[in-house]
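Novice:
There are 2 protein chains.
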Amino acid sequence: MPAAKEEDFLPLRDSVYNKLRQAILTGELPAGERLMEVHLGDKLGVSRTPIREAIRMLELEGLVTMIPRKGAMVSQITEKNMSDVLEVRRALDILCVQLACERITPEGIDELKKARDAFEKAVDTNDSRRIAQADVEFHNVIIRATGNDRLISLEDSLSLPMYRYRYEYIKDSSGHGNLVKEHRGIVNAIEKRNAEAAAEAAGEHIDNQRRSIIRQIRLDREEESMNALYGKRR
Amino acid sequence: MPAAKEEDFLPLRDSVYNKLRQAILTGELPAGERLMEVHLGDKLGVSRTPIREAIRMLELEGLVTMIPRKGAMVSQITEKNMSDVLEVRRALDILCVQLACERITPEGIDELKKARDAFEKAVDTNDSRRIAQADVEFHNVIIRATGNDRLISLEDSLSLPMYRYRYEYIKDSSGHGNLVKEHRGIVNAIEKRNAEAAAEAAGEHIDNQRRSIIRQIRLDREEESMNALYGKRR
DNA sequence: TATACATTTTCTGTATACAGGATTCAATGG
DNA sequence: CCATTGAATCCTGTATACAGAAAATGTATA
Chain A
1 MPAAKEEDFL
11 PLRDSVYNKL
21 RQAILTGELP
31 AGERLMEVHL
41 GDKLGVSRTP
51 IREAIRMLEL
61 EGLVTMIPRK
71 GAMVSQITEK
81 NMSDVLEVRR
91 ALDILCVQLA
101 CERITPEGID
111 ELKKARDAFE
121 KAVDTNDSRR
131 IAQADVEFHN
141 VIIRATGNDR
151 LISLEDSLSL
161 PMYRYRYEYI
171 KDSSGHGNLV
181 KEHRGIVNAI
191 EKRNAEAAAE
201 AAGEHIDNQR
211 RSIIRQIRLD
221 REEESMNALY
231 GKRR
Chain B
1 MPAAKEEDFL
11 PLRDSVYNKL
21 RQAILTGELP
31 AGERLMEVHL
41 GDKLGVSRTP
51 IREAIRMLEL
61 EGLVTMIPRK
71 GAMVSQITEK
81 NMSDVLEVRR
91 ALDILCVQLA
101 CERITPEGID
111 ELKKARDAFE
121 KAVDTNDSRR
131 IAQADVEFHN
141 VIIRATGNDR
151 LISLEDSLSL
161 PMYRYRYEYI
171 KDSSGHGNLV
181 KEHRGIVNAI
191 EKRNAEAAAE
201 AAGEHIDNQR
211 RSIIRQIRLD
221 REEESMNALY
231 GKRR
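Protein chains in written order, with the working numbering: chain A, 1 to 234; chain B, 1 to 234.
1) Hey, out of A/ALA145, A/GLU28 and A/MET82, whose CA is closest to A/GLU191's CA?
2) Helix, strand or coil: which one does DSSP assign to A/PRO2?
3) Can you tell me where the beta strand (DSSP E) with A/THR65 in it begins and where it stops?
4) Taking the Cβ atom as the reference point for each residue, do B/SER75 and B/ALA31 lie within a distance shorter than 9 Å?
5) Kindly identify the DSSP beta-bridge partner or partners of B/GLY71.
6) Can you check DSSP and say which residues form a bridge with A/LEU35?
7) Could you confirm whether any beta carbon from chain A is found closer than 9 Å to the beta carbon of B/ILE77?
8) Quick check on A/HIS205: buried or exposed, where buried means 16 or more other Cβ atoms within 10 Å of its Cβ?
9) Identify the continuous alpha helix (DSSP H) that holds B/TYR17 and give its terminal residues.
10) Look up A/ARG90 in the DSSP assignment and say whether it is helix, strand or coil.
11) Expressed to the nearest angstrom, what Euclidean distance is found between the alpha-carbon atoms of A/LYS113 and A/LEU160?
12) Within 9 Å (strictly less), CB to CB, does A/ALA309 reach chain B?
13) Under the three-state reduction of DSSP, which class applies to B/ILE77: helix, strand or coil?
14) Could you tell me the boundaries of the alpha helix (DSSP H) in which A/LEU151 lies?
15) Let me know the alpha helix (DSSP H) ranges lying completely inside the segment 157-225 of chain A, each 4 residues or longer, listed in chain order.
16) Between the segment 76-95 of chain B and the segment 166-173 of chain B, can you find at least three pairs of beta-carbon atoms closer than 8 Å?
17) Which of the three DSSP states, helix, strand or coil, is assigned to A/PRO50?
18) Taking A/ALA202 and B/ALA91 to be in contact with their CB atoms under 8 Å, please state how far apart those CB atoms are, rounded to whole angstroms.
19) Does the count of Cβ pairs from the segment 8-21 of chain B and the segment 56-64 of chain B closer than 8 Å reach three?
20) On the CB-based measure, 16 or more other CB atoms within 10 Å of its CB, does A/VAL88 come out buried or exposed?
21) With a threshold of 9 Å between beta-carbons, can A/GLU279 be considered close to chain B, or not?
22) Of the residues B/TYR165, B/LEU179, B/GLU182 and B/LEU63, which one's Cα is nearest the Cα of B/ILE217?
23) Given this structure, state the Cα-to-Cα distance separating B/ASP93 from A/SER153, to the nearest angstrom.
24) Answer yes or no: does any C-beta atom of chain B fall closer than 9 Å to that of A/ARG150?
25) By Cβ distance below 6 Å, which residues in the same chain neighbour B/TYR302 in space, the five residues on each side in sequence not counted?
26) Assign B/ASP135 to one of two classes, buried (16 or more other C-beta atoms within 10 Å of its C-beta) or exposed (fewer than that).
27) For A/ILE262, decide whether its Cβ has a neighbour in chain B, counting only Cβ atoms nearer than 9 Å.
28) Unbroken alpha helix (DSSP H) runs of length 4 or more, entirely within the segment 81-131 of chain B: which are they?
29) Applying the 10 Å Cβ sphere with the 16-neighbour rule, what's the burial state of B/LEU219?
30) In chain A, what lies closer than 7 Å to B/ARG56 by C-beta?
31) Contact criterion: CB-CB distance below 9 Å. Does A/VAL16 meet it with respect to chain B?
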């Protein structure tokens, strides 16, 4: 046998879950959109059963809201909501770098530096999509270095809701070199295993992110109310 | 109409979810137990559909583990696992008290003091069940005072896995008055809105909890291997 | 006795059927 | 012209049916 190729079986519910998740995060399914089971079913070519199970999962993650006997809808993103998530993420991101300082292996440090360099290269290209991807990978290296599985999965699900604002955030920050500077600071602190400095750098990093995202939400809301004024509500 | 009595409709899936959750946390469904859909179905008098949806939710919470095409089982509690959860909870508990210092209202402080007193009274009775309940309520007051909905629901789901050890932990600590002392420290710090002191007190509180739980897990494991030695495996 | 293979059983995964609550819209009465 | 009611429709909640994978069991052969 060439390699471990077993267990590549993916239940439909998971495939549906991923697709819906993606659609919500990219805005293809906008906030407030109703998720009707039959409709989604024939759009995705599956029956209601996997759809329902996927919705149950999205519900527990907070991406969709259920009203009994009424149905599911894409959760509204409010400033409060996002602010709550960011508050939690701030604490967990700091925990991540602190743990990374204790536990990262030499290979982990190499990996981290590679991720940092890849990120800087991506910034040079000015390709938002690539920058975003490199940014995610950078953070993933740190998160994995904690070795804490629960933390890994929590970070994953708490990052989700803000993916919609990622591009704007990157456009905001990458031009000024802020992101690059912040990443360097984090890497340096972790390499020296200086938990305090790492915590500070990570805290600043997410505070900047918060500012950018909150500003974006306010812009969106403004635009929305303008549209409403001009009767552009669909 | 006498009062708002609407929306007391609870889908079966939620009822099943609660029952299974309870059964897992009380140990009625021990770790490793397979959750078979038809079996649970006729035990609870419902069809497979609500069972499956409840299992999807428990899975995302980490209480059950799925193996594709094999089925679901109650998640094994390992020391690593619990340690991961406690590590995250430590960060979040500290965040809770810090936020509470900023945001708690005068009424919140009253409520907190009441919860503290109720807890002390419960300790006097030496009734573990009652102590546990008062302890949960005490923490809930603090958590609610943060006003952060995401934090509230996360704390809820992160507390779950350790409910199994709660009684032992309380027997460990309440005798020595540790718990009472720690709670007092937390209340004092929050009342003075001294975030730093509150953080320290909360950190110590959960560190003690951790010690007790880890010790308990090791005891359990020892006992288990003894049973295995004597052929008491079922 | 042990091993390999066929068979049967037992579950999960997925689709579909059926019942009842909610919503809509039009007809009717004020 | 507006409010009310009732039927038609839509959609969720729940049950059930069917197909295929995995495990268990049994059987034959070395």
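Even for Gly, the Cβ is constructed at its ideal location relative to N, Cα and C. It should be emphasised that the depicted structure is a prediction, and the values quoted were computed from it without experimental measurement.
Specialist: Judging by the given coordinates:
1) A/ALA145
2) Legend: pLDDT at A/PRO2 = 31, less than 50; position of this residue unreliable, value from coordinates given subsequently. Coil at A/PRO2, not helix or strand.
3) 64-67
4) yes
5) B/ILE67
6) A/ALA72
7) no
8) buried
9) 12-25
10) helix
11) 25 Å
12) Outside the modelled stretch of chain A, which goes from 1 to 234, sits residue 309 of chain A, for which no answer is possible.
13) coil
14) 149-159
15) 166-174 and 178-191
16) no
17) helix
18) About 12 Å; that fails the 8 Å criterion.
19) yes
20) buried
21) Since the first and last residues shown for chain A are 1 and 234, residue 279 of chain A lies out of range.
22) B/TYR165
23) 18 Å
24) yes
25) Residue numbering for chain B in the displayed model covers 1 to 234; residue 302 of chain B lies beyond these limits and cannot be assessed.
26) buried
27) Here chain A comprises residues numbered 1 to 234, so residue 262 of chain A is not present and cannot be evaluated.
28) 106-125
29) exposed
30) GLU53, ARG56 and MET57
31) no
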